[in-house]
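> Those letters in the sequence shown? Residues 1 to 314, by the UniProt record's numbering.
For glycine and all other residues, C-beta sits at the position ideal for the given N, C-alpha and C.
Note that the structure is predicted; figures quoted are calculated from it, not measured.
The structure under discussion is supplied below as structure tokens; questions concerning it will follow.
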Amino acid sequence: MSGIQNTEWNENDVLDFLIENRIGRGIFYDMLETSDTSKSYDEYCGTAQEPLQNNRLVRNICATILNYLETIYSKSEHQNDAYDVCKLLNYWVYNSLNNVLHFSNSNNFNKISKVHGDIVIRWNNFNEDKLKETENKTCKPIINIAAYNDWEKRKELYEYYVDYSPIKTFLDFYPQGCRKFYHYVESKKKLYEHFKKPCTSDKKKGCPDFYEQCEKYDPDIILPTLKCRQEIINERKEAEHSALQRAKAHSVDDPNAQDESDDIKSFGASKLNKNSNNIRMYGNVLLGVVATSMTSGALYRVNINSLIQINRIS
């Protein structure tokens, strides 16, 4: 089946899978990326010659928002939506600006905030001018979407929430994709750990307003329910055991290591024997010197005494 393989998923793989199979946010993002950015919205976003913020890519993001609001979002009541499309749109907008303006330091962050603020004004003006009379609710910009430094993690968490149900439903018909889905869900553990502390505290400071919706998809809850779980656990245990056995065998049975050890021992013994011989030789020499000195001293004393006796006789 197209889109399902036995390797692990990253975020790009997931999005490609969703777009290819026309499910979840794949439909939504594909619609935005291929949206009409014609002259219809020049009044709000600037022209190709004089674009908003002097940047054609920023102008195209602006036009994409307004086109989606007018032609898609305002045409539906959104009472039975599986997720908040407006929130997803807001995350897409800020992330797209981030990609276009290359957020990497505080200066660029300030620049993005300024451009985002400009788009928010035009978004609100368009809602007021063009969509005020519509019976359906309008999608409003989230002004403080980047108020927290972890806005990217918040975006990832909400996208995971949006993606989980359609992917799971799809894979129920294609169980061979279980392993790939298992790794994808497992990769979200750190994401949930990041939000559990603020979201389980009394004040819930720093907790996303949609966290309660995401709790049911916590990897700690989902992973035990997947049919391929035990198979993956067994494979990992076997791999760990094999790696441990190889490490032990290498340290105990490596002939090179043993030969090297024997060489060291032989070299040490040879050096020790040689040193012992030298010590004995030096010791004998020293004793000879001492004995010779003692004998010379005795002979010297004998000769002196003999001379004294001769002198006395004389």
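From which residue to which residue does the alpha helix (DSSP H) around Ser165 run?
From DSSP, the alpha helix (DSSP H) with Ser165 extends over 151-171.
> Measuring alpha carbon to alpha carbon, tell me which of Leu52, Glu186, Cys207, Tyr68 ends up nearest Tyr148.
Tyr148 has its Cα closest to that of Cys207, out of Leu52, Glu186, Cys207, Tyr68.
> Starting from Arg22, trace the alpha helix (DSSP H) in both directions and tell me its first and last residue.
Where Arg22 is concerned, there is no enclosing alpha helix (DSSP H), given that its DSSP letter is neither H nor E.
> Which class does Ile310 belong to by DSSP, given the choice of helix, strand or coil?
Because Ile310 sits at a pLDDT of 34, beneath the cut-off of 50, its placement in the model cannot be relied upon, and the following sentence gives the value as read from the coordinates. In this structure, Ile310 counts as helix in the three-state DSSP scheme.
> For Asp163, count the other beta carbons within 10 Å of its own beta carbon; 16 or more makes it buried, fewer makes it exposed. Which is it?
With 16 or more other Cβ atoms within 10 Å, it is buried.
> By how many angstroms is the C-alpha of Cys139 removed from the C-alpha of Lys87?
About 9 Å.
> Could you say if the region 30-47 and the region 73-84 meet the contact criterion of at least three C-beta pairs nearer than 8 Å?
With a cut-off of 8 Å, the region 73-84 and the region 30-47 do not count as touching, because too few Cβ pairs lie within range.
> On the DSSP bridge list, what partners appear for Gly46?
Beta-bridge pairing links Gly46 to Pro51.
> Find out if the Cβ-Cβ distance for the pair Asp150, His194 is shorter than 8 Å.
Yes, the Cβ-Cβ distance between Asp150 and His194 is below 8 Å.
> Is Asp129 helix, strand or coil by DSSP?
Asp129: helix per DSSP, three-state reduction.
> Between Thr225 and Cys178, what straight-line distance do the alpha-carbon atoms span, to the nearest angstrom?
Roughly 11 Å between the two C-alpha positions.
> Where Ile145 and Tyr91 are concerned, what is the direct C-alpha to C-alpha distance, given to the nearest angstrom?
The alpha-carbon atoms of Ile145 and Tyr91 are separated by roughly 8 Å.
> With C-beta atoms as the reference, is Lys130 less than 8 Å away from Glu70?
Yes, the Cβ-Cβ distance between Lys130 and Glu70 is below 8 Å.
> Measure the alpha-carbon distance for Asp143 versus Leu223 and round it to whole angstroms.
In the sequence under discussion, the amino acid at residue 143 is Ile, which differs from the Asp named in the question. So the alpha carbons of these two residues sit roughly 36 Å apart.
> Lys205 to Lys196, Cα distance in whole Å?
So the two alpha carbons sit approximately 11 Å from each other.
> Only counting runs of 4 or more residues, tell me where the alpha helix (DSSP H) segments fall wholly within the region 196-248, in order along the chain.
If we require 4 residues or more, the alpha helix (DSSP H) runs fully inside the region 196-248 come out as 211-214, 219-222.
> Determine the DSSP secondary structure at Ser35, reduced to helix, strand or coil.
Note: Ser35 maps to coil in three-state DSSP.
> Would you tell me roughly how many angstroms separate the C-alpha atoms of Glu152 and Lys227, rounded to the nearest one?
If I take the Cα positions, the gap works out to 31 Å.
> Could you have a look at Asn12 and say whether DSSP puts it in helix, strand or coil?
It is helical.
> For the alpha helix (DSSP H) that Ala63 lies in, which residues bound it at each end?
Here the alpha helix (DSSP H) through Ala63 covers 56-71.
> Starting from the C-beta of Pro166, find all residues in its chain whose C-beta is less than 7 Å away, skip the five residues before and the five after it, and write them out in chain order.
Same-chain partners within the cutoff: Ile23, Gly24.
> Just to confirm my understanding: we take Arg229, look at its own chain, exclude 5 residues before and 5 after, and list those with CB closer than 7 Å. What are they?
Tyr182, Leu223, listed in sequence order.
> Mind reading off the beta-carbon distance from Tyr68 to Ser96? Whole number of angstroms is fine, and I expect it under 8 Å.
Wrong, their Cβ atoms sit about 12 Å apart, outside the cutoff.
> Check Val285 in the structure and name its three-state DSSP category.
At Val285, the pLDDT of 38 sits below 50, so the modelled position is not reliable; the number obtained from the coordinates is stated separately. Helix at Val285.
> Is His98 helix, strand or coil by DSSP?
As written in the sequence, residue 98 is Asn, which differs from the His given in the question. Helix at Asn98.
> Grab me the residues of Asp218's own chain with a C-beta within less than 7 Å of its C-beta, minus the 5 sequence neighbours each way, in chain order.
For Asp218, where only same-chain residues beyond five positions count, the Cβ hits under 7 Å are Tyr192.
> Quick one: what does DSSP say Asp81 is sitting in, helix, strand or coil?
Three-state DSSP puts Asp81 in coil, outside helix and strand.
> Between which two residues does the alpha helix (DSSP H) containing Cys178 stretch?
Residues 178-186.
> Mark Lys180 as exposed unless 16 or more other C-beta atoms lie within 10 angstroms of its C-beta, in which case mark it buried.
Lys180 is buried by the Cβ-count criterion.
> Buried or exposed: which applies to Leu272, given that a residue is buried once 16 or more other Cβ atoms fall within 10 Å of its Cβ?
Reliability fails at Leu272, whose pLDDT of 41 lies under 50, so the model's placement of it is uncertain and the value that follows must be treated cautiously. So Leu272 ends up on the exposed side.
> Pick out whichever of Ile65, Leu171, Arg154 has its Cα sitting closest to the Cα of Pro198.
Answer by Cα proximity: Arg154.
> Just the C-alpha distance for Thr47 and Tyr184, rounded to the nearest angstrom, thanks.
So the two alpha carbons sit approximately 42 Å from each other.
> From Leu57 to Ile233, what distance separates their C-alpha atoms?
Distance between the alpha carbons of Leu57 and Ile233 is about 47 Å.
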